[in-house]
Amino acid sequence: MMYRLVFMQVLRRFDAEAVHHLTVSALALLARLPLLKRLLHRALAPRDPALRVSAFGVHFPGPLGLAAGFDKDAACAEGIAALGFGHVEVGTITAHAQPGNPRPRLFRLVRERAVINRMGFNNAGAVAAARRLRRTRGVPVVVGVNIGKTKVVPESEAVADYVASARTLAPLADYLVVNVSSPNTPGLRNLQAVSLLRPLLTAVKEIADGTPRRTPLLVKIAPDLADEDVDAVADLAVELGLDGIIATNTTIKHDGETGGLSGRPLKSRSLEVLRRLRAKTGDRLTLVSAGGVEDVDDVWERILAGATLVQGYTGWIYGGPLWASRIHRGLSRRVRRHGLKSIADAIGRTA
Ligand SMILES: Cc1cc2nc3c(=O)[nH]c(=O)nc-3n(C[C@H](O)[C@H](O)[C@H](O)COP(=O)(O)O)c2cc1C
């Protein structure tokens, strides 16, 4: 209520990207204030044992995490965790630093509860991110690292570019994500074709498997894939022994500004892709659902449909700083109301 007022009266009047950078800076500052960070973490992070989920050997305090794209440079993961997210996916990080697309490149669609972005993987590169990820952490936080292709690297050299990022970042990640689904790097989504995806995932998996703790590997897909192509990626992921799939990224199916659309309009397609993946792969892969998640009902629905983990970004923009904490508390109540011992028992119940 309070946040809605602040959002409508103040925040929405400012440039969306300026507000974004301010938020990242505030959370990075929070990460440097040990006492406040711990206090917030104690108050807001999921603490109910019934919300704990394990996936690919990693323990998550709750199922809802922050999707990639907010903390592109791994600058403030601890601050995000202190607000109640069960994990943080940093990135997309590319092997080489790059500025991204010209501004403006981030647009709010307030009435639709949506956002369009064409950021274009603006980030300081894998080496700079690795330096940040090496810092010791004051509060526990599960950090996934999402990697993508450097814009100037041609498609024919894409595998080597991803491999370079994986070498630098896989040892520092709780899980690694190959992003082949962002619409704002020309040609990137072509890499979802099995003929190109197979060599790419095979090469990155070799790096991920070779780290001291074997880093789990997932692939993130677009909602705009045809159903048969979703099936083909699912089959490939199972065949190669990947740990999971993140579905979905933003959609280009809209008629607003050029870029990827996220938030409420993405909800139904994202759920549809999740259901398809579950039907195809059963429990052979960990499914991570992202796209249009706004409240506890949405998260619960994704879990019942087969997601072990759920991610949100746009819902947080409109829901405010306490969004994740509120949803986790709602999930605790939901688990009890259904007489379950653990939220893990709800995964795939309606699949
Ligand atoms: C501003 C913005 C930037 C994003 N950047 C990335 C990115 O760098 N890498 C990525 O894999 N997904 C990125 N995404 C997509 C989100 O991770 C997520 O998949 C998508 O927004 C759907 O979730 P949502 O509806 O909860 O926002 C971005 C989304 C937004 C809104």
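Its first residue numbered 1, the sequence shown is counted upward by one per residue in the working numbering.
We put the CB at the ideal spot given by N, CA and C, even for glycine.
Terminal residues of the alpha helix (DSSP H) in which residue 272 lies:
Per DSSP, residue 272 belongs to the alpha helix (DSSP H) from 267-281.
Residue 144 and residue 121 - do their beta-carbons sit closer together than 8 Å?
Contact: no.
So, under 8 Å CB-CB, residue 251 and residue 224 are touching, yes? Tell me the CB distance rounded to an integer number of Å.
Going by Cβ atoms, the distance from residue 251 to residue 224 rounds to 6 Å, so yes, they are a contact pair.
Can you give the Cα-Cα distance for residue 59 and residue 216, rounded to whole angstroms?
For residue 59 and residue 216, the distance between alpha carbons rounds to 12 Å.
Please state whether DSSP places residue 313 in a helix, a strand or coil.
In the structure shown, residue 313 falls within a coil segment according to DSSP collapsed to helix, strand and coil.
If contacts are defined as beta-carbon pairs under 8 Å, then residue 105 and residue 12 qualify, I think. What distance do you get, rounded to the angstrom?
17 Å between Cβ atoms; not a contact.
Taking DSSP as the reference, what is the three-state secondary structure of residue 233?
Residue 233 falls in the helix class under three-state DSSP.
Do residue 169 and residue 180 have their C-beta atoms within less than 8 Å of each other?
Between residue 169 and residue 180, the C-beta spacing is not below 8 Å.
Please report the straight-line C-alpha distance between residue 147 and residue 6, rounded to a whole angstrom.
Rounded to the nearest angstrom, the two C-alpha atoms are 34 Å apart.
Are the Cβ atoms of residue 77 and residue 40 separated by less than 8 Å?
Judged by beta-carbon spacing, residue 40 lies beyond the 8 Å limit of residue 77, meaning their Cβ atoms are not closer than that value.
Quick check on DSSP: helix, strand or coil for residue 289?
Reduced to three states, the DSSP call for residue 289 is strand.
In terms of DSSP beta bridges, what is residue 89 paired with?
In DSSP, residue 89 forms a bridge with 144.
Are residue 73 and residue 132 close, meaning C-beta to C-beta below 8 Å?
Residue 132 sits close to residue 73, with the two beta carbons spaced by under 8 Å.
Tell me, which residues are paired with residue 108 by DSSP?
DSSP lists 115 as partners of residue 108.
Less than 8 Å between the CB atoms is what I'm expecting for residue 270 and residue 292, so what's the real figure, rounded?
Correct: roughly 6 Å between the Cβ atoms.
So does residue 290 have its beta carbon nearer than 7 Å to some heavy atom of ligand 1?
Relative to ligand 1, residue 290 has its C-beta within less than 7 Å of a heavy atom.
According to DSSP, which residues form a beta bridge with residue 220?
Residue 220 is bridged to 179 and 246.
Start-to-end residues for the beta strand (DSSP E) that takes in residue 66
Its beta strand (DSSP E) spans residues 64-66.
Would you say residue 68 touches ligand 1, meaning its beta carbon is less than 7 Å from a heavy atom?
Residue 68 Cβ: within cutoff of ligand 1.
To the nearest angstrom, how far is the alpha carbon of residue 331 from that of residue 263?
When rounded, the distance between both Cα atoms is 20 Å.
Which residues DSSP lists as bridging residue 260, in chain order:
DSSP, once it has assigned bridges, lists 117 as partnering residue 260.
Identify the residues that DSSP records as bridge partners of residue 70: which are they?
None, per the DSSP bridge assignment.
Looking at ligand 1, does it come within less than 7 Å of residue 262, judged from the CB to the closest heavy atom?
Because some heavy atom of ligand 1 lies under 7 Å away, the Cβ of residue 262 counts as near it: yes.
Residues near residue 89 in its chain [Cβ-Cβ closer than 7 Å; skip 5 each side]:
Within the same chain, residue 89 has close Cβ partners 65, 66, 67, 68, 144, 146, 177 and 311.
Ligand 1 and residue 182: does the residue's C-beta get closer than 7 Å to at least one heavy atom of that ligand?
Checking the Cβ of residue 182 against ligand 1 gives yes.
Mark residue 280 as exposed unless 16 or more other C-beta atoms lie within 10 angstroms of its C-beta, in which case mark it buried.
When all chains shown are included, residue 280 counts as buried.
Alpha carbon to alpha carbon, what distance is there between residue 167 and residue 208?
Distance between the alpha carbons of residue 208 and residue 167: 8 Å.
Counted within 10 angstroms of its Cβ, other Cβ atoms place residue 210 as buried (16 or more) or exposed
Its Cβ having fewer than 16 others within 10 Å, residue 210 is exposed.
In three-state DSSP terms, what is residue 54?
Here residue 54 sits in strand by DSSP.
Proximity winner among 175, 63, 150 and 328, relative to residue 123 (alpha-carbon distances)
Residue 150 is the option with its Cα nearest to residue 123.
Minimum C-alpha distance to residue 162 - residue among 130, 204 and 196
Each of 130, 204 and 196 was checked against the Cα of residue 162, and the nearest Cα belongs to 204.
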